[in-house]
Amino acid sequence: MRFLLIYPPSEPFFIQKTRMFYGLSPPLGLLYIAKVLEADGDTVTILDYSAEPFDEHKLITASRAADAYGITVLTPFYQQTKQLIALIQQHNPTKPIIIGGPHCLLFPKEALRQTGAAIAVHGEGEHAILALKKRLMNKEDFQEIPGVV
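So in our numbering, spot 47 of the sequence shown is number 72, and the numbers just go up one at a time.
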């Protein structure tokens with residue numbers, strides 16, 4: 026499968042288009058998940074909007090090439106993340122969006138309902154991703170996977 030993993034922007038999109046951002050640390054959670062997926066033969070693209078300015082065209086192009094999406098949800102950037110998910114869904118309404126990260130650890134059901142994502146992972150995503158991928162590929166129920174809502 027082809028996955029697009031996204032670390033959300035920290036400011037509204039219209040501000041980011043005029044400024045450059047440099048992340049303080051790499052998005053380790055996404056990197057762990059990417060490593061697990063790549064070791065299983067999947068293709069992974071990461072868009073880190075803490076390290077690069079938001080580019081809507083780049084996001085849409087990358088999202089069209091992916092089969093599924095993984096998005097980190099951070100409480101301080103929650104509104105931007107919801108906008109990001111809405112933009113992806115507008116261009117790719119049938120592809121699954123998986124959310125995870127600190128906000129989902131505390132509020133998985135609320136985040137799922139409020140963002141419109143298909144799946145929320147509360148806990149370490151690298152432990153759930155392969156089982157989740159298998160169930161998505163086979164169009165099976167994923168609710169039994171530990172840490173998945």
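Ideal placement from N, C-alpha and C gives every residue a C-beta, glycine not left out.
Per DSSP, reduced to three states, the secondary structure at residue 76 is coil, with no helix or strand assignment. Across the structure, residue 154 and residue 63 are spaced so that their CA atoms are roughly 11 angstroms apart. Between residue 90 and residue 145, the alpha-carbon positions lie close to 22 angstroms from each other. When DSSP states are grouped into helix, strand and coil, residue 124 belongs to the strand group.
The Cβ atoms of residue 31 and residue 85 lie no closer than 8 angstroms to each other.
Residue pairing by DSSP places residue 27 opposite 68 in a beta bridge.
Where residue 95 is concerned, the enclosing beta strand (DSSP E) starts and stops at 93-97. Contact between residue 170 and residue 140 is absent: CB atoms are separated by about 19 angstroms, not below the 8 angstroms threshold.
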